[in-house]
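Q: First the structure, which I've put down as structure tokens, then a few questions once you've had a look.
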């Protein structure tokens with residue numbers, strides 16, 4: 001059976017190679033605008049429909065553009081989830097009941113590889129049931145030499161009774177590079193020195209609040225070029241005028257009108273994170289454990305933190321939607337940890353099993369935290385949700401409707417967050 005898989009991989013790689021010879025089974029003339037995303041405006045592009053079709057179209061339009069691909073595919077557990085999670089084959093042959101799941105994943109992973117930059121990385125969440133079979137696929141598609149590592153992710157304190165004798169408390173994050181050009185950013189080093197402290201904790205000052213580089217002009221985002229007011233003695237900053245405080249605009253040293261990292265609404269909510277020098281230069285306080293400005297260390301292969309537990313994700317979903325309408329969400333902090341450690345601040349991230357759009361939410365929070373400019377491509381099925389599922393009763397008819405609702409939730413909180421849906 002492995003020889004059959006090998007043969008199919010070779011055939012798919014020839015079909016989907018980015019040398020211009022790929023031949024797709026849809027009319028090119030009707031899909032020239034498939035990837036017409038204006039990234040100067042949008043933070044997220046969501047493609048609705050079969051993700052294999054969307055991946056093919058994206059590859060035809062933009063091969064080799066993705067910095068990081070993260071997916072949380074179906075685990076093939078036969079559970080009654082919002083999506084199909086039963087792709088078992090008859091118990092025959094070397095691969096037994098896993099063959100159908102492997103056949104489902106195979107073309108998607110081959111195309112995902114072609115979409116990655118040469119320095120690109122793919123990280124996949126999986127549990128014990130399909131882990132060994134996913135490892136076989138990845139070794140053959142990406143090459144054993146491009147295996148970066150397998151991270152054990154603790155998902156609960158007490159575990160679940162997956163067998164009669166064991167309570168499973170973990171799953172895996174399988175990580176591969178496209179080539180040997182991969183250089184992971186690494187985890188934030190908690191031992192970095194923070195020489196200041198306030199009511200919110202230890203921090204240091206090393207990041208300008210004024211936007212730099214591409215998209216930093218006032219004309220790029222006029223609503224993000226409002227005045228701030230600074231107490232030059234204490235370092236306090238306010239969005240509202242205060243008697244005796246200095247008015248500060250986001251002009252650079254050459255007098256060019258720039259913009260701030262955040263819009264006015266977000267700045268008002270998080271003004272406590274800002275600090276003014278005695279010269280009226282506004283900085284962002286980088287708190288210990290809050291990411292930006294920290295030194296980096298190699299990624300550890302065991303992640304065990306309550307912020308990564310499934311219970312946290314369930315609470316987040318309930319907070320956003322009012323009830324648990326999605327069965328297998330990942331915590332925002334888990335996705336943030338992956339993206340932060342495995343991609344640069346201007347990365348393009350792909351998630352073609354978008355689910356409840358946690359990846360987009362994580363990128364939004366990372367960008368807000370440190371002024372990063374990551375963008376995100378999501379793909380999710382437009383299949384109907386079973387009418388006996390709680391999500392259907394809550395008014396969501398298609399799986400992708402849950403993804404869209406999460407994006408709207410973020411936009412309603414912060415209208416600077418923009419997204420576009422492609423049906």
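In the UniProt record's numbering, the protein residues as written are 1 to 423. Don't be surprised by glycine CBs; every beta carbon is placed ideally from N, CA and C.
1. What alpha helix (DSSP H) runs, 4 residues minimum, are completely inside the stretch 296 to 353?
2. Taking 6 Å as the limit between beta carbons, can you name the residues of its chain near residue 49, skipping five residues before and five after?
3. What span of residues does the beta strand (DSSP E) with residue 357 cover, start to end?
4. Just mark residue 210 as buried or exposed, buried being the case when its beta carbon has 16 or more other beta carbons within 10 Å.
5. Please state whether DSSP places residue 28 in a helix, a strand or coil.
6. Buried or exposed for residue 330, going by 16 or more other Cβ atoms inside 10 Å?
7. With distances taken Cα to Cα, identify the nearest neighbour of residue 218 among 252, 242, 198, 231.
8. Enumerate in chain order the residues of its own chain whose CB-to-CB distance from residue 133 is below 8 Å, with the five nearest sequence positions on each side excluded.
9. What does DSSP give as the partner residues of residue 379 in its beta bridges?
10. Just the Cα atoms here: how many angstroms apart are residue 390 and residue 311?
11. Relative to the C-alpha of residue 337, which residue among 68, 45, 115 is closest?
12. Secondary structure at residue 287, three-state DSSP: helix, strand or coil?
13. Quick check on DSSP: helix, strand or coil for residue 10?
14. If you draw a straight line from the alpha carbon of residue 198 to that of residue 231, how long is it in whole angstroms?
15. Would you say the beta carbon of residue 350 comes nearer than 6 Å to a heavy atom of the ligand GDP?
16. In angstroms, rounded to a whole number, what distance separates the CA positions of residue 406 and residue 245?
17. Quick check: what's the CA-CA separation for residue 386 versus residue 419?
18. Bridge partners for residue 170 per DSSP, in chain order?
19. Which residues does DSSP pair with residue 136 in a beta bridge?
20. Using alpha carbons as the reference points, say which of 168, 130, 384, 149 lies closest to residue 122.
21. Quick test of your reading: residue 71 and residue 115, contact by CB under 8 Å. State the CB separation rounded to the nearest angstrom.
22. Comparing alpha-carbon positions, which option in 227, 269, 216, 235 lies nearest residue 258?
23. State the DSSP-derived secondary structure class of residue 417, mapped to helix, strand or coil.
24. Can you tell me the Cβ-Cβ gap for residue 341 and residue 184, rounded? I've got them flagged as a contact below 8 Å.
25. Taking the beta strand (DSSP E) that residue 393 belongs to, which residues open and close that run?
26. Could I get the ranges of all uninterrupted beta strand (DSSP E) runs contained in the stretch 248 to 277, with 3 residues as the minimum, in chain order?
27. Considering only the alpha carbon of each residue, which of 351, 59, 208, 384 lies closest to residue 260?
28. According to DSSP, which residues form a beta bridge with residue 204?
29. Starting from residue 123, trace the alpha helix (DSSP H) both ways and give me its first and last residue.
30. For residue 365, collect the residues of the same chain with a Cβ closer than 7 Å to its Cβ; drop the 5 residues on either side in sequence, then sort them by chain order.
31. To the nearest angstrom, report how far apart residue 276 and residue 392 are at their CA atoms.
32. Spell out the partners DSSP gives residue 177 in its beta bridges.
A: Taking the structure as given:
1. Segments of the alpha helix (DSSP H) lying fully in the stretch 296 to 353: 310 to 321, 332 to 342.
2. On the chain shown, residue 49 is found 49 positions in, with the first residue counted as 1. Cβ neighbours of residue 49 beyond the five flanking positions: 382.
3. One-based indexing of the chain shown puts residue 357 at position 357. Element bounds for residue 357: n/a, residue is neither H nor E.
4. Counted from its first residue, the chain shown places residue 210 at position 210. Buried, by the Cβ-count rule.
5. The count along the chain shown starts at 1 and reaches residue 28 at position 28. Bear in mind that the predicted position of residue 28 carries a pLDDT of just 37, short of 50, making it unreliable; the figure below should be weighed with that in mind. DSSP places residue 28 within a helical segment (H, G or I) once states are collapsed to three.
6. Within the chain shown, numbered from 1, the residue matching residue 330 stands at position 330. By the neighbour-count criterion, in which a residue is buried when 16 or more other Cβ atoms sit within 10 angstroms of its Cβ, residue 330 is buried.
7. One-based indexing of the chain shown puts residue 218 at position 218. Out of 252, 242, 198, 231, 252 has the C-alpha closest to the C-alpha of residue 218.
8. Within the chain shown, the letter at position 133 stands for residue 133. 95, 98, 101, 102.
9. Your numbering for residue 379 matches position 379 in the chain shown. For residue 379, the beta-bridge partners assigned by DSSP are 47.
10. As a first step, residue 390 is located in the chain shown; it is residue number 390 there, counting from the start. As a first step, residue 311 is located in the chain shown; it is residue number 311 there, counting from the start. Using only the alpha carbons, I get a separation of about 18 Å.
11. Taking the first residue of the chain shown as position 1, residue 337 is located at position 337. Nearest of 68, 45, 115 to residue 337, Cα basis: 68.
12. Residue 287 sits at position 287 when you count from the first residue of the chain shown. Strand at residue 287.
13. Locating residue 10 in the chain shown gives position 10, where the first residue counts as 1. When DSSP states are grouped into helix, strand and coil, residue 10 belongs to the helix group.
14. The sequence position of residue 198 within the chain shown is 198, counting from 1. The sequence position of residue 231 within the chain shown is 231, counting from 1. Cα-Cα distance, rounded: 16 Å.
15. This structure lacks the ligand GDP, and indeed carries no ligand of any kind.
16. Taking the chain shown and counting its residues from 1, the one referred to as residue 406 is at position 406. Taking the chain shown and counting its residues from 1, the one referred to as residue 245 is at position 245. Each residue's alpha carbon lies about 39 Å from the other.
17. Position 386 of the chain shown holds residue 386. Position 419 of the chain shown holds residue 419. About 27 Å.
18. Taking the chain shown and counting its residues from 1, the one referred to as residue 170 is at position 170. Residue 170 is bridged to 154.
19. Taking the chain shown and counting its residues from 1, one reaches residue 136 at position 136. DSSP, once it has assigned bridges, lists no residue as partnering residue 136.
20. As a first step, residue 122 must be located in the chain shown, where it is residue number 122. When each option's Cα is compared against that of residue 122, the closest is 149.
21. Counting from one through the chain shown, the residue named residue 71 turns up at place 71. Counting from one through the chain shown, the residue named residue 115 turns up at place 115. About 12 Å separates the CB atoms of residue 71 and residue 115; that is not less than 8 Å, and the two are not in contact.
22. The count along the chain shown starts at 1 and reaches residue 258 at position 258. Nearest C-alpha to residue 258: 216.
23. As a working note, residue 417 is residue 417 in the chain shown. DSSP places residue 417 in coil when its eight states are reduced to three.
24. Stepping through the chain shown from its first residue, residue 341 is reached at position 341. Stepping through the chain shown from its first residue, residue 184 is reached at position 184. The beta-carbon separation of residue 341 and residue 184, rounded to 6 Å, stays under the 8 Å limit for a contact.
25. Locating residue 393 in the chain shown gives position 393, counting from the first residue. Unbroken run through residue 393 is the alpha helix (DSSP H), 390 to 393; no beta strand (DSSP E).
26. 274 to 276, all fully within the stretch 248 to 277.
27. Here the question's residue 260 lines up with position 260 in the chain shown. Measuring from the Cα of residue 260, the nearest candidate turns out to be 208.
28. Looking up residue 204 in the chain shown gives position 204. Here residue 204 is bridged, per DSSP, to 286.
29. Within the chain shown, the letter at position 123 stands for residue 123. Residue 123: not part of any alpha helix (DSSP H); member of the beta strand (DSSP E) spanning 116 to 126, first to last residue.
30. Within the chain shown, the letter at position 365 stands for residue 365. Counting only Cβ-Cβ distances below 7 Å, and skipping sequence neighbours, we find 332, 336.
31. The sequence position of residue 276 within the chain shown is 276, counting from 1. The sequence position of residue 392 within the chain shown is 392, counting from 1. Roughly 50 Å separates the two Cα atoms.
32. Counting from one through the chain shown, the residue named residue 177 turns up at place 177. In the DSSP output, where bridge partners are listed per residue, residue 177 has 121.
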